[in-house]
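Scroll down for the structure; my scribbles are underneath it.
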Amino acid sequence: MKQQPIVAFLYDFDKTLCTTDMQDYAFIPSLGMTPAEFWAEANGFGRRNRMDGILAYMYTMLREAARRNRPFTRTDLVEKGRSIVLFPGVEDWFRRINDFGAGQGVQVEHYIISSGLREIIEGSSISGDFKEIYASEFYYDESGVPVWPKLAVNFTAKTQFVYRINKGVLDVSNDRDLNASMPDDSKRVPFTSMIYMGDGLSDVPCMKMMRAYGGQAIAVYQASNRAGVEDLLAKGRVDYIFQADYRAGSALEATVQDIIRKMAVTDRLWEENARQVRSIGGDVLLGQVGLF
Numbered sequence: 014m015k016q017q018p019i020v021a022f023l024y025d026f027d028k029t030l031c032t033t034d035m036q037d038y039a040f041i042p043s044l045g046m047t048p049a050e051f052w053a054e055a056n057g058f059g060r061r062n063r064m065d066g067i068l069a070y071m072y073t074m075l076r077e078a079a080r081r082n083r084p085f086t087r088t089d090l091v092e093k094g095r096s097i098v099l100f101p102g103v104e105d106w107f108r109r110i111n112d113f114g115a116g117q118g119v120q121v122e123h124y125i126i127s128s129g130l131r132e133i134i135e136g137s138s139i140s141g142d143f144k145e146i147y148a149s150e151f152y153y154d155e156s157g158v159p160v161w162p163k164l165a166v167n168f169t170a171k172t173q174f175v176y177r178i179n180k181g182v183l184d185v186s187n188d189r190d191l192n193a194s195m196p197d198d199s200k201r202v203p204f205t206s207m208i209y210m211g212d213g214l215s216d217v218p219c220m221k222m223m224r225a226y227g228g229q230a231i232a233v234y235q236a237s238n239r240a241g242v243e244d245l246l247a248k249g250r251v252d253y254i255f256q257a258d259y260r261a262g263s264a265l266e267a268t269v270q271d272i273i274r275k276m277a278v279t280d281r282l283w284e285e286n287a288r289q290v291r292s293i294g295g296d297v298l299l300g301q302v303g304l305f
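In this note's numbering, the protein residues as written are 14 to 305.
Quick look at the structure:
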């Protein structure tokens with residue numbers, strides 16, 4: 014039986030699926046700091062030391078927790094993820110989209126590509142809905158205490174994971190297969206079957222990549238960042254913008270359903286073309302694979 018075509022959703026997390034930066038809900042208050050105080054400290058530390066912003070905030074988390082003698086273990090971070098507040102409709106979004114895709118004859122997969130912390134995301138109520146979570150992460154000793162950054166996902170590093178999903182090389186330690194040449198028709202998820210969803214400038218490299226390679230890019234907004242998201246649309250960095258409302262019947266859901274329909278129809282049309290070409294003894298050109 015032929016494998017169903019795959020449609021992959023790639024999500025940022027902070028302010029895309031949840032309402033603010035994930036550290037703001039429980040971790041930063043546990044330090045006795047406000048989010049404004051913590052991020053000013055982290056960003057200032059990064060600028061003074063000409064440091065990658067993701068590594069700067071990870072170091073600041075470690076330093077401030079030690080200064081205040083606060084617990085900082087993997088288990089503690091996962092627990093803090095239970096305080097995350099999701100946008101309306103997010104909790105059952107994945108089930109609804111999966112069911113709709115199945116009705117269109119496609120298999121839907123969901124991935125996170127975030128500069129936030131994997132550990133906190135794992136504590137959220139939706140962590141089990143993702144095939145893979147790519148996010149910044151600490152390496153922990155045998156006591157569960159962080160000793161080193163295991164993965165730092167900055168804005169441009171996010172694009173690496175789009176390629177991993179495209180090729181089906183999901184293990185971040187496997188660079189050999191990621192960089193190996195692979196025919197287009199062997200790639201697990203064509204770029205044309207990807208939808209990237211984010212909320213701002215940190216997502217621009219992935220959004221531009223989607224648009225360049227035939228995928229779709231969607232930006233979601235709250236009142237606080239609507240102007241910035243409208244600028245992304247005006248400058249051609251995204252295909253669509255929507256209020257961050259994931260509930261059944263929302264404008265976002267309606268357009269996502271239309272995109273899935275289009276991707277499903279495109280795959281069927283290509284299959285029919287390939288069948289006819291083969292029936293007359295022709296070769297299906299690699300360049301034809303995944304045209305959108």
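Ideal Cβ positions, reconstructed from N, Cα and C, are used throughout, including at glycine.
What are the boundary residues of the beta strand (DSSP E) that E150 is part of? Taking the first residue of the sequence shown as position 1, residue 150 is located at position 137. Residues E145 to Y153.
H123 and F100 closer than 9 Å at C-beta: Within the sequence shown, residue 123 is the residue found at index 110, counting from 1. Within the sequence shown, residue 100 is the residue found at index 87, counting from 1. No, Cβ-Cβ distance for H123 and F100 is not below 9 Å.
Using the C-alpha atoms, what's the distance from S156 back to N179? As a working mapping, residue 179 is identified with position 166 in the sequence shown. As a working mapping, residue 156 is identified with position 143 in the sequence shown. N179 and S156: Cα-Cα distance of roughly 36 Å.
What span of residues does the alpha helix (DSSP H) with V175 cover, start to end? Indexing the sequence shown from 1 puts residue 175 at position 162. First-last of the alpha helix (DSSP H) with V175: K171 to K180.
Taking the beta carbon of W283 as the centre, do at least 16 other beta carbons fall within 10 Å, making it buried, or is it exposed? Reading the sequence shown from its first residue, position 270 is the one you call residue 283. The residue in question, W283, is buried, as its Cβ has 16 or more Cβ neighbours within 10 Å.
Spatially closest choice to P250 from M71, A267, A232 and S96, by CA coordinates: Translated into positions along the sequence shown, residue 250 becomes position 237. Residue identity check: residue 250 is Arg in the sequence provided, not Pro. It is A232.
Look up D89 in the DSSP assignment and say whether it is helix, strand or coil. Along the sequence shown, one-based indexing puts residue 89 at 76. Looking at D89 - three-state DSSP - the assignment turns out to be helix.
Which residue or residues does DSSP assign as beta-bridge partners of L23? Taking the first residue of the sequence shown as 1, we reach residue 23 at position 10. Paired residue(s): Y124 and Y209.
V251, DSSP secondary structure in three states: Working through the sequence shown from its first residue, we reach residue 251 at position 238. DSSP places V251 in coil when its eight states are reduced to three.
Compute the Euclidean distance between the alpha carbons of I134 and K171, then round it to the nearest angstrom. Taking the first residue of the sequence shown as 1, we reach residue 134 at position 121. Taking the first residue of the sequence shown as 1, we reach residue 171 at position 158. Spanning the two alpha carbons is a distance of roughly 16 Å.
Keeping to the same chain, check which residues put their C-beta closer than 8 Å to that of P218; ignore five residues upstream and five downstream. Translated into the one-based positions of the sequence shown, residue 218 becomes position 205. For P218, where only same-chain residues beyond five positions count, the Cβ hits under 8 Å are F168, T169, K171 and T172.
Using three-state DSSP, classify A236 as helix, strand or coil. As a position in the sequence shown, residue 236 is number 223, starting the count at 1. Of the three classes helix, strand and coil, the one that applies to A236 here is helix, per DSSP.
Would you report the Cα separation of G102 and D296, rounded to the nearest angstrom? Along the sequence shown, one-based indexing puts residue 102 at 89. Along the sequence shown, one-based indexing puts residue 296 at 283. Cα to Cα, the separation comes out at about 46 Å.
What is the rounded straight-line gap between the Cα of I126 and the Cα of V290? As a working mapping, residue 126 is identified with position 113 in the sequence shown. As a working mapping, residue 290 is identified with position 277 in the sequence shown. Approximately 38 Å between the Cα atoms of the pair.
Looking at the structure shown, is L265 part of a helix, part of a strand, or coil, going by DSSP? Position 252 of the sequence shown holds residue 265. If DSSP states are grouped into helix, strand and coil, L265 belongs with the helices.
Just the C-alpha distance for A21 and R80, rounded to the nearest angstrom, thanks. Residue mapping note: residue 21 aligns to position 8 of the sequence shown, counting from 1. Residue mapping note: residue 80 aligns to position 67 of the sequence shown, counting from 1. The straight-line gap from Cα to Cα measures roughly 42 Å.
Within 10 Å of its beta-carbon, does G262 have 16 or more other beta-carbons around it, so buried, or fewer, so exposed? For the purposes of this step, residue 262 is identified with residue 249 of the sequence shown, where counting begins at 1. With fewer than 16 Cβ atoms within 10 Å of its Cβ, G262 is classed as exposed.
Opposite Q117 in the DSSP bridges: which residues? As a working note, residue 117 is residue 104 in the sequence shown. Bridge partners of Q117: none, in fact.
Drop a sphere of 10 angstroms on the beta-carbon of I97, count the other beta-carbons inside from all chains shown, and report buried for 16 or more, exposed for fewer. Translated into the one-based positions of the sequence shown, residue 97 becomes position 84. So I97 counts as buried.
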